Amino acid sequence: MATAEQVKRTDQDHDELPSVVVQRRVEWHDTDAAGHHHHGAVLRWVESAESVLLHRRHATALYGRIPRVHYEVDYLHRLYYGHVVEIELAVQRVGTKSVRYAFVVRSGDTVAATGNLVMAMAAPDNPGAIPLPPEIRRALTTGGRQRPETID
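My numbering applies: residue 20 is where the sequence shown begins, and numbers increase by one.
If you want it as structure tokens, here you go:
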């Protein structure tokens with residue numbers, strides 16, 4: 020599980036695994052009847068950060084080919100409509116056929132959620148995972164911290 024202090028990387032073969040921080044605002048549709056963020060909003064925010072990371076690393080060929088095979092999250096604090104949230108997403112491990120991300124969702128100094136997301140490489144005509152192409156492995160094992168995407 021990701022920690023609030025640092026999104027830790029576990030792939031020992033690479034010193035510059037990419038990561039990115041994006042900001043989003045809690046929108047009305049992100050909240051539930053209790054008035055705070057719905058649990059599904061965290062996954063949408065994490066996937067938004069993933070989209071920024073894949074775009075910046077020129078790995079958009081993955082779109083439509085990376086089903087989620089594992090997702091875990093610890094919900095630590097509530098977020099409310101209008102709050103600015105910061106999502107830090109980091110590649111934690113690149114395997115032969117999958118990528119593991121770690122994430123932390125914050126609002127100011129408050130950590131609202133931490134977790135992990137694993138995606139596997141898939142082909143439309145293959146029922147199982149397939150190896151990541153070499154160019155995708157390079158894109159996701161280099162690059163280090165990317166420029167943040169902030170709300171102005």
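Just so it is clear, CB atoms sit at the ideal spot from N, CA and C, and this is done for glycine as well.
Since we're looking at a predicted model, the values are computed, not measured.
For the alpha helix (DSSP H) containing Val45, list its first residue and its last residue.
Reading the sequence shown from its first residue, position 26 is the one you call residue 45. Run containing Val45: none; DSSP gives neither H nor E here.
Which residue or residues does DSSP assign as beta-bridge partners of His58?
What you label residue 58 is simply residue 39 of the sequence shown in a count that begins at 1. Paired residues: none, contrary to the question.
Starting from the N-terminal side, write out each stretch of the beta strand (DSSP E) that is 3 residues or longer and does not extend beyond the region 80-134.
For the region 80-134, whole beta strand (DSSP E) runs of length 3 or above, ordered along the chain, are 87-94, 103-113 and 117-126.
Examine the Cβ distances between the region 155-163 and the region 87-100 and report whether three or more of them are shorter than 8 Å.
Touching, no.
Tell me whether Glu66 sits in a helix, a strand or coil according to DSSP, three-state version.
For this step, residue 66 is matched to residue 47 along the sequence shown. Glu66: helix per DSSP, three-state reduction.
Rounded to the nearest angstrom, what separates Pro37 and Glu91 at their Cα positions?
Reading the sequence shown from its first residue, position 18 is the one you call residue 37. Reading the sequence shown from its first residue, position 72 is the one you call residue 91. If you take the alpha carbons of Pro37 and Glu91, they lie about 20 Å apart.
So what does DSSP say about Thr160, is it helix, strand or coil?
In the sequence shown, the residue the question calls residue 160 occupies position 141. Residue state, collapsed to three classes: helix.
Where Val123 and Val45 are concerned, what is the direct C-alpha to C-alpha distance, given to the nearest angstrom?
The sequence position of residue 123 within the sequence shown is 104, counting from 1. The sequence position of residue 45 within the sequence shown is 26, counting from 1. Going by the C-alpha atoms only, they are around 15 Å apart.
Excluding the 5 residues preceding and the 5 following His56 in the sequence, name in chain order all residues of the same chain whose CB lies nearer than 7 Å to its CB.
Start at 1 with the first residue of the sequence shown, and residue 56 comes out as number 37. Within the same chain, His56 has close Cβ partners Val45, Asp49, Thr50, Arg97 and Leu98.
Around the Cβ of Gln127, are there at least 16 other Cβ atoms within 10 angstroms (buried) or fewer (exposed)?
Along the sequence shown, one-based indexing puts residue 127 at 108. The residue you asked about is not Gln; residue 127 is Gly in the sequence shown. It is exposed - the Cβ of Gly127 has fewer than 16 other Cβ atoms within 10 Å.
Can you check DSSP and say which residues form a bridge with Val71?
Translated into the one-based positions of the sequence shown, residue 71 becomes position 52. DSSP, once it has assigned bridges, lists no residue as partnering Val71.
Could you tell me the alpha carbon to alpha carbon distance between Arg157 and Val118, rounded to whole angstroms?
One-based indexing of the sequence shown puts residue 157 at position 138. One-based indexing of the sequence shown puts residue 118 at position 99. Spanning the two alpha carbons is a distance of roughly 12 Å.
Report back the beta-carbon spacing between Ala148 and Lys116 to the nearest angstrom; my notes put them in contact at under 8 Å.
Walking along the sequence shown from the start, residue 148 turns up at place 129. Walking along the sequence shown from the start, residue 116 turns up at place 97. Ala148 to Lys116, Cβ: 4 Å. Contact.
If you draw a straight line from the alpha carbon of Thr169 to that of Asn145, how long is it in whole angstroms?
As a working mapping, residue 169 is identified with position 150 in the sequence shown. As a working mapping, residue 145 is identified with position 126 in the sequence shown. Approximately 39 Å between the Cα atoms of the pair.
In chain order, what residues of the same chain have a beta carbon less than 8 Å from the beta carbon of Ile155, not counting five sequence neighbours either side?
As a first step, residue 155 is located in the sequence shown; it is residue number 136 there, counting from the start. These residues qualify, in order along the chain: Ala78, Ala80, Leu81 and Met140.
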